[in-house]
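Novice:
Protein chains in written order, with my numbering: chain S, 5 to 321; chain G, 15 to 296.
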């Protein structure tokens, strides 16, 4: 849809263009990001609540930049960073009265908006929400609806707005798009949105069953060049820019206190996986278990952030 | 088989950095282990709770506000200090566990200092029987439309001075003075809960003789009690009690009036009296 209300920037990329031949030459070859972590190693998370005073609850979440990005920053070889790290802010407004036109609701009416900043991705996003942003909003709403105790807030609405300041890449930026490509970065973004929104809801003191956290796992086949028959491996908390080919990925919203999943999004072909000896799990079972493990890791950060902001508020007053 | 959680770095600026190494752990085992540790700690109640934290067994305690029950266990549903209300003596009732939203521990000692800082405001929803302060926005023949400014906390004693009330909300005195000031009447009514006082709910006696224009005027601050959640747009309030009614009002000359009887307020400057359904001053 055309946005005629604003002065929009030029469509296209947000980073300067680079000749493809430069990437193939010696200078560009080692700029490709490689995963330095163990397959079950998660990225560090920065999470802080209560940063936006006008909102009743807010949070800011940041993933640790990958090792290659840190190296590229200290010793730049190219104008373009090799990978990006997720940064997003979440605000919760409410509970507030429903609009006059809305019908009576005995429960809390949840509204979620997910919006990429125009500069968030490598391709510029418009000011109007596009289909992928609406899709993320629906996924986020499903994830949170299962965690919120809605009947304690009759006749009121809760607006949750997530602004993505920096999004994950869908693949390494130097690669040309191929058949394996899907919007893998969106799944990491959703996991971040879930954790951040959960912290913001806790900051707004809205009743919920548990702090719901998001986690991502993926089946990746990195060395497809030498042995095409090699089975894809399970990796937790994948950064798509660090892998040559992601076969399938899964994001869950998980409540550890109840061992419940409120949202499950699985994409790709999860039929084949290389598991340890004696592991009888099928591909998608391993994938979901991995995503739950990642979510459990994010939950420790989430709980610590909520506890910290609580102690800070208690100390102030 | 264990979650190894290493706190790598925790600088004072609130940066939380946690590295987590998970070695393929089955969720059933995790649940068993967690329940095992929880059972051993069943006697002690944590002082601070975060949502999803187990507080105690439902066999020992009763679940109060801010908590929920799952499988005979009480879990916190909001973040805040845990308060244990002891059971009533000579009854079979259990001690009540609740998690409070009120974070103003210093409010009792020095209310002025507590209000000097801008405290976070947690919206309390109007519920049936809760006392609210509302501003009259429209007076019609059969009803008065009001918008709810503050839901008064039930924990604050009714005899306490309004400015000392340890409410979740901001300084009530400042809300009231700003709301009673006609210059502050902006479009924020859209963000407040709307309510209606019907003609029959204004007072308890002589209901058929009520003239709405002699009870409320636009801009008055009314203390009311919520009758019901009402329809899709508005709550229903009543003022049919001695302690309910107009608490603050301006005269036609624009001066703040003082109450002289249950149905009259007077302008201190001009001395003219105006009719209102006046709340009994504390």
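For each residue, glycine too, the CB sits at the ideal point set by N, CA and C. Being a predicted model, the structure only gives us computed values, none of them experimental.
#1: Just the chain G side, please: which residues come within less than 9 Å of residue 125 of chain S by C-beta, in chain order?
#2: What residue range is occupied by the uninterrupted alpha helix (DSSP H) comprising residue 142 of chain S?
#3: Using a Cβ-Cβ cut-off of 8 Å (strictly less than) and excluding sequence neighbours within five positions of residue 239 of chain G, which residues of its own chain qualify?
#4: Which chain S residues sit within Cβ distance under 8 Å of residue 299 of chain G?
#5: Expressed to the nearest angstrom, what Euclidean distance is found between the alpha-carbon atoms of residue 95 of chain G and residue 209 of chain S?
#6: Report the neighbours of residue 364 of chain S on chain G: residues whose CB is nearer than 8 Å to its CB, in chain order.
#7: In terms of residues, what are the limits of the alpha helix (DSSP H) holding residue 164 of chain G?
#8: Between residue 157 of chain G and chain S, is the shortest Cβ-Cβ distance under 8 Å, so that the two count as touching?
#9: Given 8 Å as the limit, is there contact between the segment 40 to 48 of chain S and the segment 193 to 207 of chain S, that is, 3 or more CB pairs closer than that?
#10: How should residue 6 of chain S be labelled, buried or exposed, when 16 other C-beta atoms within 10 angstroms of its C-beta is the threshold for buried?
#11: Find the nearest neighbour of residue 114 of chain G within the set G:106, G:65, G:205, judged by alpha-carbon distance.
#12: Please list, in chain order, all residues of the same chain as residue 284 of chain G whose beta carbon is under 8 Å from its beta carbon, the five residues on each side excluded.
#13: Could you name the residues of the same chain whose beta carbon sits closer than 7 Å to that of residue 92 of chain G, not counting the 5 residues immediately before and after it, in chain order?
#14: Looking at the secondary structure, which residues open and close the beta strand (DSSP E) in which residue 261 of chain G lies?
#15: For the beta strand (DSSP E) containing residue 254 of chain S, name the first residue and the last one.
#16: When Cβ atoms are compared, which residues of the segment 156 to 188 of chain S fall closer than 9 Å to chain G?
#17: Could you tell me whether the segment 210 to 217 of chain S touches the segment 100 to 108 of chain S, where touching means 3 or more Cβ pairs closer than 8 Å?
#18: Who are the neighbours of residue 139 of chain S on chain G, taking C-beta pairs under 9 Å?
#19: Compute the Euclidean distance between the alpha carbons of residue 135 of chain S and residue 141 of chain S, then round it to the nearest angstrom.
#20: Since residue 139 of chain G meets chain S, which of its residues come closer than 9 Å, beta carbon to beta carbon?
#21: Below 8 Å between beta carbons: does that hold for residue 98 of chain S and residue 161 of chain S?
#22: With H, G and I counted as helix, E and B as strand and the rest as coil, what does DSSP make of residue 188 of chain S?
#23: As a quick exercise: from G:74, G:245, G:234, G:293, pick the residue whose alpha carbon is nearest that of residue 209 of chain G.
#24: With which residues is residue 139 of chain G paired in a DSSP beta bridge?
Specialist: Based on what the coordinates show:
#1: Ordered by position in chain G, no residue passes the 9 Å Cβ test against residue 125 of chain S, which lies about 26 Å from the chain.
#2: 135 to 149
#3: 143, 144, 145, 146, 251, 252, 253, 255, 258
#4: Chain G is shown only over 15 to 296; residue 299 of chain G falls outside these bounds and no answer can be derived.
#5: 12 Å
#6: There is simply no residue 364 of chain S to check, as chain S begins at 5 and stops at 321 in what is shown.
#7: Counting along the chain, residue 164 of chain G falls outside any alpha helix (DSSP H), though it belongs to the beta strand (DSSP E) covering 157 to 165.
#8: no
#9: no
#10: exposed
#11: G:65
#12: 265, 267, 269
#13: 65, 80, 113, 115
#14: 259 to 262
#15: 250 to 259
#16: 156, 157, 158, 159, 160
#17: no
#18: Residues of chain G passing the Cβ test: none, with the nearest at roughly 27 Å.
#19: 10 Å
#20: 99, 156, 157, 158, 159, 160
#21: yes
#22: helix
#23: G:245
#24: DSSP lists no partner for residue 139 of chain G.
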